[in-house]
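Numbering-wise, this note's numbering comes out as the position in the sequence shown, counting from 1, plus 1.
Where is the CB? At the ideal position from N, CA and C, for every residue including glycine.
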Amino acid sequence: MRQLANNETILNFVISSLILYLLLPPFACDVMAASTAESAIAYFPALVGRYGQQVTVRAHIADEANIRNVTLVVENGAKPLRGKMPRLTQAGVVPVSAQTAKDATVRSGPAANKNIKGRLSRGERMQIAGEKDGYYRGVSASGIKGYVLKQDVDILQTGSAYAVTLPSSITSRSKLTYHIEAQDASGRVIRTDAVTMRLLTEQEIDTFMAAYGGPTPVGAPLYRKPLFWVSMAAVAGGAYILSSDKDGSDDDLTTAEIMVEWE
Numbered sequence: 002m003r004q005l006a007n008n009e010t011i012l013n014f015v016i017s018s019l020i021l022y023l024l025l026p027p028f029a030c031d032v033m034a035a036s037t038a039e040s041a042i043a044y045f046p047a048l049v050g051r052y053g054q055q056v057t058v059r060a061h062i063a064d065e066a067n068i069r070n071v072t073l074v075v076e077n078g079a080k081p082l083r084g085k086m087p088r089l090t091q092a093g094v095v096p097v098s099a100q101t102a103k104d105a106t107v108r109s110g111p112a113a114n115k116n117i118k119g120r121l122s123r124g125e126r127m128q129i130a131g132e133k134d135g136y137y138r139g140v141s142a143s144g145i146k147g148y149v150l151k152q153d154v155d156i157l158q159t160g161s162a163y164a165v166t167l168p169s170s171i172t173s174r175s176k177l178t179y180h181i182e183a184q185d186a187s188g189r190v191i192r193t194d195a196v197t198m199r200l201l202t203e204q205e206i207d208t209f210m211a212a213y214g215g216p217t218p219v220g221a222p223l224y225r226k227p228l229f230w231v232s233m234a235a236v237a238g239g240a241y242i243l244s245s246d247k248d249g250s251d252d253d254l255t256t257a258e259i260m261v262e263w264e
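Listed below in structure tokens is the structure:
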């Protein structure tokens with residue numbers, strides 16, 4: 002019995018460490034994104050993905066910035082990889098920044114039954130990087146990330162959507178660091194903060210699911226349930242890791258393949 006208790010203690014420690022590993026960097030990234038809420042670029046950083054699988058990065062950029070070129074830059078030793086982010090003309094005019102018209106609730110998905118992630122007071126600003134089912138998807142200046150009802154906010158800036166797909170040749174690594182650059186007509190370059198994306202192999206994912214994906218006895222610890230790992234991946238920004246459910250994602254333009262030549 003003592004040995005079992007010791008094993009359980011060790012397992013709890015490992016799980017706690019994994020939770021910190023998954024959660025702390027994304028939270029820091031949300032705050033980092035909020036610090037640029039007044040900038041012309043609004044986007045949701047992709048923080049977790051599958052090793053060797055395509056990943057699409059999308060951004061909304063204000064029209065008044067008079068942008069001529071948008072590029073996704075991936076760190077690659079002494080020579081970064083650069084891929085042009087084409088304008089999504091089919092997306093039309095998209096929101097870039099907004100201000101709450103009244104006290105607003107931020108939810109984890111575009112539905113009234115989704116979890117509440119926080120509340121915004123009237124007058125708070127946020128970046129808008131997508132929309133779905135009557136909700137805007139964004140991050141507030143205070144760092145709250147999620148969905149708000151369209152009628153709860155007033156749009157301050159509009160612009161265009163840009164996106165590019167990272168091919169498997171670039172995502173076949175344990176992690177990659179990238180940022181977005183937008184150049185205006187005068188040659189001035191606007192840059193987002195760098196973001197590091199973790200890329201998990203099928204073996205790593207299978208290990209999690211094999212250890213905690215079997216039948217779960219009533220009253221078993223939460224971390225022994227498959228839903229726990231799906232939720233953890235989603236909270237960490239990896240909506241496509243352990244679940245194929247696209248509920249809560251942006252429209253189809255977000256995950257469409259936008260392939261370009263990489264320099």
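Problem - Assigned secondary structure, Gln-55 (DSSP; H/G/I helix, E/B strand, else coil) - result: Within the sequence shown, numbered from 1, the residue matching residue 55 stands at position 54. In the structure shown, Gln-55 sits in coil (DSSP, three-state: anything other than H, G, I, E or B).
Exercise for the section: Report buried or exposed for Cys-30, applying the criterion of at least 16 other Cβ atoms within 10 angstroms of its Cβ. Expected result: As a first step, residue 30 is located in the sequence shown; it is residue number 29 there, counting from the start. In this predicted model, Cys-30 has a pLDDT of only 43, less than 50, meaning its place in the structure is not dependable; the value taken from the coordinates is given anyway. Result: buried.
Exercise for the section: Would you grab the beta carbon distance between Ala-195 and Thr-178 for me? Rounded to a whole angstrom, and I think it's under 8 Å. Expected result: Counting from 1 along the sequence shown, the entry for residue 195 is found at position 194. Counting from 1 along the sequence shown, the entry for residue 178 is found at position 177. Confirmed, Cβ separation roughly 5 Å.
Practice task
Pull up the distance between the alpha-carbon of Gln-100 and that of Ile-206, whole angstroms please.
Solution key: Counted from its first residue, the sequence shown places residue 100 at position 99. Counted from its first residue, the sequence shown places residue 206 at position 205. One C-alpha to the other measures close to 39 Å.
Handout entry: Residues sharing a beta bridge with Ile-191, DSSP
Key = Residue 191 sits at position 190 when you count from the first residue of the sequence shown. Ile-191 pairs with Ala-183.
Exercise for the section: Determine the direct distance from the alpha carbon of Ser-175 to that of Thr-197, and round the result to whole angstroms. Expected result: Here residue 197 corresponds to residue number 196 of the sequence shown, with the count starting at 1. Here residue 175 corresponds to residue number 174 of the sequence shown, with the count starting at 1. A direct Cα-to-Cα measurement between Thr-197 and Ser-175 gives close to 10 Å.
Exercise for the section: Ignore the nearest five residues each way along the sequence and tell me which others in Gln-54's own chain have a CB closer than 7 Å to its CB. Expected result: For this step, residue 54 is matched to residue 53 along the sequence shown. Only Ser-169, Thr-172 meet the Cβ criterion.
Practice task
May I ask you to report which of helix, strand or coil DSSP gives Thr-208?
Solution key: Numbered from its first residue, the sequence shown carries residue 208 at position 207. Residue state, collapsed to three classes: helix.
Exercise for the section: Grab the span of the beta strand (DSSP E) containing Thr-101 for me, first residue to last. Expected result: If you number the sequence shown from 1, residue 101 lands on position 100. Counting along the chain, the unbroken beta strand (DSSP E) around Thr-101 starts and ends at 95 to 101.
Practice task
Name, in chain order, the residues that DSSP records as bridge partners for Leu-157.
Solution key: The count along the sequence shown starts at 1 and reaches residue 157 at position 156. Leu-157 pairs with nothing; no bridge assigned.
Handout entry: Proximity below 9 Å, CB of Ser-109 to CB of Asn-116
Key = Taking the sequence shown and counting its residues from 1, one reaches residue 109 at position 108. Taking the sequence shown and counting its residues from 1, one reaches residue 116 at position 115. Going by C-beta atoms, Ser-109 is nearer than 9 Å to Asn-116.
Exercise for the section: Under the assumption that Arg-120 contacts Ala-142 (Cβ atoms under 8 Å), give the Cβ distance between them as a whole number of angstroms. Expected result: Numbered from 1 along the sequence shown, position 119 holds the residue referred to as residue 120. Numbered from 1 along the sequence shown, position 141 holds the residue referred to as residue 142. With a Cβ gap of about 14 Å, Arg-120 and Ala-142 do not count as contacting.
Practice task
Find out if the Cβ-Cβ distance for the pair Glu-182, Ile-191 is shorter than 9 Å.
Solution key: Working through the sequence shown from its first residue, we reach residue 182 at position 181. Working through the sequence shown from its first residue, we reach residue 191 at position 190. The answer is yes: Cβ separation under 9 Å.
Practice task
On a CA-only basis, which of Arg-51, Tyr-163, Leu-157, Asp-104 is nearest Gly-84? Give me that one, please.
Solution key: As a working note, residue 84 is residue 83 in the sequence shown. The candidate whose alpha carbon is nearest that of Gly-84 is Tyr-163.
Problem - Pair within 9 Å by beta-carbon distance, Ile-129 and His-61 - result: Sequence index remark: in the sequence shown, residue 129 carries index 128 (1-based). Sequence index remark: in the sequence shown, residue 61 carries index 60 (1-based). In contact: Ile-129 and His-61 (Cβ atoms closer than 9 Å).
Problem - Beta-carbon contacts of Val-149 that lie in its chain and below 6 Å, excluding the five residues immediately before and after - result: Numbered from its first residue, the sequence shown carries residue 149 at position 148. Excluding residues within five positions, the ones whose Cβ falls inside 6 Å are Ala-105, Val-107, Tyr-137.
Exercise for the section: Would you identify the three-state DSSP class for Ser-141, choosing helix, strand or coil? Expected result: Within the sequence shown, numbered from 1, the residue matching residue 141 stands at position 140. Three-state result, Ser-141: strand.
Exercise for the section: Give me the Cα-Cα distance between Val-140 and Leu-73, rounded to the nearest whole angstrom. Expected result: Along the sequence shown, one-based indexing puts residue 140 at 139. Along the sequence shown, one-based indexing puts residue 73 at 72. Distance between the alpha carbons of Val-140 and Leu-73 is about 20 Å.
Problem - Per-residue DSSP class, three states only, for Thr-202 - result: On the sequence shown, position 201 is the one that residue 202 refers to. Residue state, collapsed to three classes: coil.
Practice task
Could you check if Ser-161 is buried or exposed, using at least 16 other CB atoms within 10 Å of its CB as the buried criterion?
Solution key: Here the question's residue 161 lines up with position 160 in the sequence shown. Using a 10 angstroms sphere on the CB of Ser-161, the tally of other CB atoms reaches 16 or more, which defines it as buried.
Practice task
Locate the alpha helix (DSSP H) running through Thr-90, then write down its first and last residues.
Solution key: Working through the sequence shown from its first residue, we reach residue 90 at position 89. It is not in any alpha helix (DSSP H) - Thr-90 carries neither H nor E in the DSSP assignment.
Problem - Per-residue burial, Lys-146 [other beta carbons within 10 Å of its own, 16 or more giving buried] - result: Indexing the sequence shown from 1 puts residue 146 at position 145. Classification for Lys-146: buried.
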